[in-house]
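Report on one structure; see the data block that follows.
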Amino acid sequence: DAKTTQPTSMDCAEGRAANLPCNHSTISGNEYVYWYRQIHSQGPQYIIHGLKNNETNEMASLIITEDRKSSTLILPHATLRDTAVYYCIVSTTGNQFYFGTGTSLTVIP
Amino acid sequence: GAVVSQHPSWVICKSGTSVKIECRSLDFQATTMFWYRQFPKQSLMLMATSNEGSKATYEQGVEKDKFLINHASLTLSTLTVTSAHPEDSSFYICSAKEQGWETQYFGPGTRLLVL
Chain A
19 DAKTTQPTSM
29 DCAEGRAANL
39 PCNHSTISGN
49 EYVYWYRQIH
59 SQGPQYIIHG
69 LKNNETNEMA
79 SLIITEDRKS
89 STLILPHATL
99 RDTAVYYCIV
109 STTGNQFYFG
119 TGTSLTVIP
Chain B
31 GAVVSQHPSW
41 VICKSGTSVK
51 IECRSLDFQA
61 TTMFWYRQFP
71 KQSLMLMATS
81 NEGSKATYEQ
91 GVEKDKFLIN
101 HASLTLSTLT
111 VTSAHPEDSS
121 FYICSAKEQG
131 WETQYFGPGT
141 RLLVL
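Note that the protein sequences, when read in sequence, are chains A and B. Quick note: the first sequence uses our numbering, first residue 19, plus one each step. Quick note: the second sequence uses our numbering, first residue 31, plus one each step.
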C-alpha cells in the first residue's frame, strides 16, 4: 500500500512556482522520497529523489522536513508542459514502488 | 541515458488470445524490472517484480499463471497476458533499474484492448 498522502489537485499560474506537498509520516529511516510525474497516456517520468537533505536538479527542488515526515516538490517556474499527475513515493532503493493517487497539477496560462 | 522502451505501444486482440509485451532497457543493464497496470483515471498498480534469471515475484491478487513474466536477459523482460479477456484491457507499464542505482526508470507503456 502507498505510504504517502497528497492533495488530489492543484492549480498554478504559468511562470509561478508550483509547490506540491506530500505527507509520509510512517517513513522508515532507510526509505527515500521519490517524485515522478505522468503526463496523460505516458509512462511516469523521474523528477527527483532524496533521503534526508534537500535536493535540486534541473527540473525541480525537493525539500524534506527535518523529521522526514513530509516533503515538498518545487517547480520553480511552472510552464504549461508541467501539467501532469505528480506522484510522491517512499521506498528503499531497489524496492517496489507503491503509487498513491498523486496530485493532478494544472498550470493555467 | 536510462531509456526504457516497450513494444508494442498499443495492441488490440480478441478475447481468449495471448498477448506478449516487451520491455527493454536501451542503455543500461536492468537487473530488476517491474510491471505495473493502470486502469483509466486510476493510479499505477504494481503487478510483479522480476530479477534477471529468477522467477518473478507477484503482488497479492495478481495471477501468476495469467500474467507470465520472463526476464531472461539484462536488457529484456516480457509480460504475456494469457487467455486475455476484456477486463484485462488496461495500460501496462514497465520500469527498470540497474543494481546499485537508487531509482527506477519507466517505459512509455503499452495500451491493451481486448475485444
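Backbone N, C-alpha and C fix where the C-beta goes; we use that ideal spot for every residue, glycine too.
Would you say residue i reaches chain C, if we count a Cβ-Cβ gap shorter than 8 Å as a contact?
i	result
TYR88/B	The structure shown contains no chain C; its protein chains are A and B.
Alpha carbon to alpha carbon, how far is residue j from residue i? Give it in angstroms, no decimals.
i	j	result
LEU98/B	SER107/B	10 Å
LYS70/A	VAL108/A	12 Å
THR112/B	THR133/B	30 Å
LEU145/B	GLY46/B	9 Å
GLN154/B	GLY33/A	An answer regarding residue 154/B cannot be provided, because it is not within the stretch 31 to 145 covered by chain B.
TYR135/B	ILE82/A	22 Å
ALA32/B	ASN100/B	21 Å
ALA31/A	THR124/A	8 Å
TYR94/B	SER46/A	For clarity, residue 94/B is Lys in the given sequence; the question names Tyr instead. Rounded to whole angstroms, LYS94/B to SER46/A spans 30 Å at the Cα level.
VAL34/B	PRO25/A	29 Å
Based on Cα-Cα distance, which residue from the options lies nearest to residue i?
i	options	result
SER125/B	VAL144/B, CYS43/B, TYR66/B	TYR66/B
GLY118/A	GLU52/B, GLN72/B, GLN59/B	GLN72/B
THR87/B	PHE69/B, THR62/B, GLN68/B, THR105/B	THR62/B
SER119/B	LYS127/B, PRO38/B, SER84/B, LEU142/B	LEU142/B
Below 8 Å between beta carbons: does that hold for residue i and residue j?
i	j	result
GLY112/A	GLY137/B	no
TYR54/A	GLN63/A	yes
GLU82/B	SER103/B	yes
GLY139/B	GLN36/B	yes
ALA96/A	ALA20/A	no
ASP100/A	LEU91/A	no
ILE66/A	ALA102/A	no
Please state whether DSSP places residue i in a helix, a strand or coil.
i	result
PRO39/A	strand
ASP29/A	strand
LEU56/B	coil
ARG55/A	strand
GLU12/A	The question about residue 12/A has no answer, for chain A in this structure spans 19 to 127.
ARG34/A	coil
LEU98/A	helix
(message) What are the residues in the segment 103-125 of chain A lying within 7 Å of chain B by C-beta distance?
(response) Against chain B - using a Cβ distance shorter than 7 Å - the residues of the segment 103-125 of chain A are THR111, GLY112, GLN114, PHE115, TYR116, PHE117, GLY118, THR119, GLY120.
(request) With 9 Å as the C-beta to C-beta threshold (strictly closer), list the residues of the segment 65-84 of chain B near chain A in chain order. (result) Taking 9 Å as the Cβ-Cβ cut-off, the segment 65-84 of chain B approaches chain A at TYR66, GLN68, GLN72, SER73, LEU74, MET75, LEU76, THR79, given in chain order.
(message) Beta carbons nearer than 7 Å to chain A: which residues of the segment 35-61 of chain B have them?
(response) Sequence-ordered contacts of the segment 35-61 of chain B with chain A are nonexistent [C-beta pairs closer than 7 Å].
(request) Please list the residues of the segment 41-60 of chain A that have a C-beta atom closer than 9 Å to any C-beta atom in chain B, keeping them in chain order. (result) Answer in chain order: TYR50, TYR52, TYR54, GLN56, SER59, GLN60.
(request) Taking only beta carbons into account, state which residues of the segment 98-130 of chain B come closer than 9 Å to chain A, listed in chain order. (result) Against chain A - using a Cβ distance shorter than 9 Å - the residues of the segment 98-130 of chain B are PHE121, ILE123, CYS124, SER125, LYS127, GLN129, GLY130.
(request) Can you give me, in chain order, the residues of the segment 65-76 of chain A that have a beta carbon less than 7 Å from any beta carbon in chain B? (result) Under the 7 Å Cβ criterion, the segment 65-76 of chain A contributes HIS67.
(request) Could you name the residues of the segment 20-32 of chain A whose beta carbon sits closer than 7 Å to any beta carbon of chain B, in the order they occur along the chain? (result) Cβ contacts with chain B: none found.
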